[in-house]
Amino acid sequence: MDNLQEWIVPILTSIVAIAVAIMTCKWQMRTELRKILESYVSDKKYKAYYDAVNIVFTLLEEGRQNKIVSSNDRFHELLKVKQDLFVYGSDDAFRSFTEYLCSCTPNSDGSDVFKPLLDFMLIVRREISGGKSSISIDDIMLNLMQSKEELRKYHEFLKTNGI
Numbered sequence: 001m002d003n004l005q006e007w008i009v010p011i012l013t014s015i016v017a018i019a020v021a022i023m024t025c026k027w028q029m030r031t032e033l034r035k036i037l038e039s040y041v042s043d044k045k046y047k048a049y050y051d052a053v054n055i056v057f058t059l060l061e062e063g064r065q066n067k068i069v070s071s072n073d074r075f076h077e078l079l080k081v082k083q084d085l086f087v088y089g090s091d092d093a094f095r096s097f098t099e100y101l102c103s104c105t106p107n108s109d110g111s112d113v114f115k116p117l118l119d120f121m122l123i124v125r126r127e128i129s130g131g132k133s134s135i136s137i138d139d140i141m142l143n144l145m146q147s148k149e150e151l152r153k154y155h156e157f158l159k160t161n162g163i
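Just so you know, full-length UniProt numbering puts 105 at position 105 of the sequence shown, and the rest follows in order with no gaps.
Next up, the structure:
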């Protein structure tokens with residue numbers, strides 16, 4: 001009997017040590033998998049934001065240069081952006097981009113289409129900077145217009161039309 005008790009303690013200790021090692025390994029694997037998944041989703045989110053902002057700048061450039069591009073091509077690009085924002089974007093970014101798209105439709109009430117776009121761009125900026133962006137709507141408008149005089153005229157237009 002004494003011989004059996006001498007063997008039970010080391011065996012039980014070994015079993016407990018193996019169980020703890022297995023549990024620790026499983027926990028580490030889950031943690032690593034979660035980190036990989038979070039990184040993947042984060043990369044996809046930033047790519048979706050980039051694509052959304054890129055399509056807006058592309059449309060502005062094409063409008064300025066009077067380029068005619070197949071609406072079918074633009075539709076597929078826009079559909080991909082909408083899909084990626086739905087899957088990977090934040091709720092605020094998704095809603096803001098949807099509001100911008102709705103303001104661009106022929107059925108919209110004719111209000112300022114730039115406000116929803118600028119709101120979307122501010123949300124993207126805030127999320128990418130971790131909430132530390134100090135850029136304002138006027139900063140974005142000045143960047144797009146590249147003229148303080150044009151920005152002043154834009155503000156006068158908004159004030160005059162009550163927008």
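Note that beta-carbon positions come from the ideal geometry of N, C-alpha and C, so glycine has one too.
Three or more Cβ pairs closer than 8 Å define a contact, and the segment 42-55 meets that threshold against the segment 111-129.
Beyond the five residues adjoining it in sequence on each side, tyrosine 88 comes within less than 7 Å, by CB distance, of Val41, Lys44, Lys45, Ala48 in the same chain, given in chain order. Per DSSP, the continuous alpha helix (DSSP H) segment holding threonine 160 begins and ends at 148-161.
About 27 Å separates the beta carbon of leucine 37 from that of isoleucine 55, a gap too long to meet the 8 Å contact definition. Exclusion of the five residues before and after tyrosine 154 leaves no residue of its chain whose Cβ lies closer than 6 Å to its Cβ. Within the segment 57-96, the runs of alpha helix (DSSP H) that reach at least 4 residues and sit entirely inside it are, in chain order, 71-88. Methionine 29 and leucine 142 have their C-alpha atoms some 48 Å from each other.
When the Cα atoms are used, cysteine 25 and glutamate 32 turn out to be separated by approximately 10 Å.
By the 16-neighbour rule on beta-carbons within 10 angstroms, serine 96 is buried.
The DSSP-derived three-state label of asparagine 54 is helix.
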